[in-house]
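Mapping the sequence shown onto the UniProt record's numbering, position 380 (from 1) lands on 380, and the numbers just tick up by one. For each residue, glycine too, the CB sits at the ideal point set by N, CA and C.
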Amino acid sequence: MSRPATSRYRGIILILLFLAMIINYVDRAALSIAMPFITQEYHLTPSEKGLIFSSFFFGYALFCFVGGYLADRFGPKNVMSCAMGFWSVLCGLTATAFNFWSLLVVRALFGVGEGPVSTTANKTVNNWFPIKERARAIGINQAGGPLGGALGGPIVGFLALWLGWRVAFVVIAALGLLWLAFWLRLATSTPATHPRVSVQELDLIHEGRDAPAEAAAASVHTPLRQVIFQRSVLVMGLSLFCYNYVLYFFMTWFPSYLIDARGIDLKSMSLVTALPWMVGALGFMAGGWLIDAIYKATGRQLFSRKIVLVSCLLVAAVCIALTGQMRSVTMVIIVMTVAIGFLMLTAPAYWSLIQDSVPSHHVGTAGGFMHGLANLSGIVAPTVTGFIIQSSGTYTSGFLLAGLLGAAGALVVALGITARRAPLANLASI
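This is the structure in structure tokens:
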């Protein structure tokens, strides 16, 4: 088949990635929204709820790394296909849980399926987009996450009220399988292997890359430890751990906080929690645009990433800490919305930095390791918060701890990221 004269097929790939992230976060948010029903049915304590929230991340954190490594080896299309199919089935199986332990196991396996998604999407963006468009592409792709979180509240909340919480999980599982059918038909791992990508678009995608150097580097075996133990990968993994602690505190406990501490009913909570997610989606897209705009204006690639990440994460940290001190429900919602908006402004910077820091053929592995380290916070944040609530009887300390860690994440990047790329040859002594 001959190639078309012109094309912008990478836009189709980006739409598919965007939709995948929406489904990803609808699936994740479902448990938090349905938790009041599940708690009532199984008589769960705050500590047990925290453990159930955390169980997802045992599988998720490990397979962030495994998925990224496999995407480098077998291509992001294949890995994303397996991940979406597996997690959709496990999402549906959540409806079959019959007690605390069965729910714990199902959610841990569900995390295995969702683990590869962000790192595989990042690898896909690296393959399909030119350097000058990557931050925006990452921002649009990742914006699907908070948008999915926003949609998850009303969708799961109303399905649970109307048909029961079990039916809600089956419905959103079906959405994942529908997406998979389109992905299998429309996507390839690289633009060069897709017949609907023009030579003109291929040239644009490869603009700014040193193709001979990348090919030569890819042909040389690099020990895994030299890829994952780079200073930049470890520093960004630690900072992203702090970022994710704030995010997962919000995702898992904020709905319960509104019901338990503020007396909001489930229907109102389902609508109210959509606002921070919607602003967060705008933050993701604005963050990618802002990074690219600063880079274009200054020509300073590292600066464009760091200034957005550090400043916005500090603002988010302060707002999170203040949320627990607010007296009115209205102020709680406003300040938390500002916090999530600024938090997600920073997100494209992490994935842009990892693409800047390692050769393209190691982006999946390095990004997966960074993301895996970061998502250990998904184990820590829900569990620690659950024990804080159970021991103190309030949520205040949970908000303060999340804010403190957010500030720490900003400082780690400010002080720890100082070079654009560390050559792998210099890491042999690690």
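Query raised in the report: Are the beta-carbon atoms of A173 and G92 separated by less than 8 Å?
Result: Closer than 8 Å, so yes.
Report task. State the DSSP-derived secondary structure class of R8, mapped to helix, strand or coil. Result -> Looking at R8 - three-state DSSP - the assignment turns out to be coil, as it is neither helix nor strand.
Query raised in the report: Given L109, which residues of its chain have a CB within under 7 Å of its CB, disregarding the five upstream and five downstream residues?
Result: G59, L90
Report task. Let me know the secondary structure DSSP gives M80 once reduced to three states. Result -> In the three-state scheme derived from DSSP, where H, G and I count as helix and E and B as strand, M80 is classed as helix.
Report task. Give me the Cα-Cα distance between T94 and V106, rounded to the nearest whole angstrom. Result -> 6 Å
Query raised in the report: Contact check, A20 vs A121 under 8 Å by CB: the rounded distance?
Result: At roughly 7 Å, the Cβ-Cβ gap stays under 8 Å, so A20 and A121 are in contact.
Query raised in the report: So is K132 buried or exposed if we call it buried at 16+ other beta carbons inside 10 Å?
Result: It counts as exposed.
Query raised in the report: If you check the beta carbons only, do K123 and G364 fall under 8 Å apart?
Result: Yes, these two residues count as a Cβ contact at 8 Å.
Query - Where E207 falls: helix, strand or coil (DSSP) - result: coil
Query raised in the report: For W289, which option in T96, T346, V197 has the closest C-alpha, if you only look at C-alpha atoms?
Result: Closest option to W289, judged by alpha-carbon separation, among T96, T346, V197: T346.
Query raised in the report: Comparing alpha-carbon positions, which option in G367, R73, R10, M236 lies nearest T119?
Result: G367
**Report entry** Alpha-carbon spacing of M80 relative to G67, whole angstroms
**Finding:** Roughly 8 Å between the two C-alpha positions.
Report task. To the nearest angstrom, report how far apart Y243 and L405 are at their CA atoms. Result -> 8 Å
Query raised in the report: How long is the line joining the alpha carbons of F63 and L147, rounded to whole angstroms?
Result: 23 Å
Report task. Could you check the C-alpha separation between T6 and V318 for me, to the nearest Å? Result -> 48 Å
Query raised in the report: Around the Cβ of A216, are there at least 16 other Cβ atoms within 10 angstroms (buried) or fewer (exposed)?
Result: Summary for A216: the model assigns pLDDT 47, below 50, so the residue's position carries little reliability, and this model does not support an answer.
Query raised in the report: Which term fits T252, buried or exposed, when burial requires 16 or more other beta carbons within 10 angstroms of its beta carbon?
Result: buried
Query raised in the report: If you draw a straight line from the alpha carbon of T383 to that of H43, how long is it in whole angstroms?
Result: 17 Å
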